[in-house]
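Student: The opening position of the sequence shown corresponds to residue 309 in my numbering, with each subsequent residue numbered one higher. Each residue gets a CB set at the ideal place from its N, CA and C atoms; glycine is no exception. The structure presented is a predicted model; accordingly, all values stated were derived computationally and were not measured.
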Amino acid sequence: MKRYLHRIGSDLFNLIAPSLCPSCDAPLTPAERFYCDACRSSLEPAPFPRDIFSEVAGNFPGDELALEAVGSLYRFDPDSPVQRLIHALKYHGCYRLGVEMGRELATGLRMFRAFAGIDLVVPVPLHRARERERGYNQAEAIARGLAGAMPNVRMERALARRRHTISQTTLGAGARRANVINLFRATGVDVKGRRVLLCDDVCTTGATLNACAEQLLVVGAASVLAATVAKDGTPL
Ligand SMILES: [Zn+2]
């Protein structure tokens, strides 16, 4: 209910106030949706999925890699338009911006055969307390846009998050893996034999996505891929 009210609130706000670009605060023209054309054209494309995947795979020794592919739309740089858009999505109630970014992500992934044949889109879950506080899960907004733009693909909350952990942002790759072991559990949604696309806002080392993928494989998913709006940490 709170999530619903939150969304009605932000829709009403948009009706009475001129819409501003969530990245640069410029007023949006009627032709600009969600964010301005100047910010849109300054978004840096992410590396190709095969390059992101080999970088992520390098963070997982032996057979610990559960992901089959990883794709992102934009490169995540501090204080860049994409960083500000994701900040607006997470902290300023811009749920529909997330849905839009999910649609754009679906369009970007359509070019890559590695992402063909998806059955189900699953958002990386937030802890319940965090989701209540924020009003929604930003990964779910993206997942809705993604699934909506793929024919016959549904979004399902197939995972839940057990508890808060210490923030991943200051940890190296090995410590990140240890920090997320058993953090996620399957919710009982039937994923058996399905090709699942996990979805989140940003991928850094891939530790969170890989921990989610492990749980989906344990409950019978045929394969698990991941898609994020942005990729952080890739050297130029
Ligand atoms: Zn802008």
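Scan the segment 385 to 433 and note each continuous alpha helix (DSSP H) run of 4 residues or more that stays entirely inside, going in chain order.
Tutor: For the segment 385 to 433, whole alpha helix (DSSP H) runs of length 4 or above, ordered along the chain, are 389 to 399, 403 to 417.
Student: Contact between the segment 455 to 465 and the segment 475 to 494: three or more CB pairs below 8 Å?
Tutor: No: fewer than three Cβ pairs fall under 8 Å.
Student: Rounded to whole angstroms, what is the Cα-Cα separation between glutamate 363 and arginine 502?
Tutor: Against the sequence shown, residue 363 aligns to sequence position 55. Against the sequence shown, residue 502 aligns to sequence position 194. The straight-line gap from Cα to Cα measures roughly 25 Å.
Student: Indicate, with yes or no, if ligand 1 has a heavy atom lying under 8 Å from the CB of serine 331.
Tutor: Along the sequence shown, read from residue 1 onward, the residue named residue 331 stands at position 23. Yes - ligand 1 has a heavy atom lying nearer than 8 Å to the Cβ of serine 331.
Student: Once DSSP output is grouped into helix, strand and coil, what is the label at serine 349?
Tutor: The residue given as residue 349 occupies position 41 in the sequence shown. It is helical.
Student: Candidates Arg383, Pro353, Leu393: which alpha carbon is nearest valine 407's?
Tutor: As a first step, residue 407 must be located in the sequence shown, where it is residue number 99. Checked all of Arg383, Pro353, Leu393; the closest Cα to valine 407 is Leu393.
Student: What did DSSP end up calling leucine 454 once you bin it into helix, strand or coil?
Tutor: Stepping through the sequence shown from its first residue, residue 454 is reached at position 146. If DSSP states are grouped into helix, strand and coil, leucine 454 belongs with the helices.
Student: Quick check: what's the CA-CA separation for aspartate 427 versus phenylalanine 420?
Tutor: Start at 1 with the first residue of the sequence shown, and residue 427 comes out as number 119. Start at 1 with the first residue of the sequence shown, and residue 420 comes out as number 112. Approximately 16 Å between the Cα atoms of the pair.
Student: Tell me whether the segment 514 to 522 and the segment 446 to 454 touch, counting them as touching only if at least three CB pairs, one residue from each stretch, are closer than 8 Å.
Tutor: The segment 514 to 522 vs the segment 446 to 454: no contact.
Student: Hey, out of Gly416, Cys402, Ala455, whose CA is closest to arginine 442's CA?
Tutor: Counting from one through the sequence shown, the residue named residue 442 turns up at place 134. Arginine 442 has its Cα closest to that of Cys402, out of Gly416, Cys402, Ala455.
Student: Grab the span of the beta strand (DSSP E) containing threonine 536 for me, first residue to last.
Tutor: Here residue 536 refers to the residue found at position 228 when the sequence shown is read from its first residue. Segment 531 to 540, the beta strand (DSSP E) holding threonine 536.
Student: Does the contact criterion of 3 or more C-beta pairs under 8 Å hold for the segment 489 to 508 versus the segment 332 to 349?
Tutor: No, the segment 489 to 508 does not touch the segment 332 to 349.
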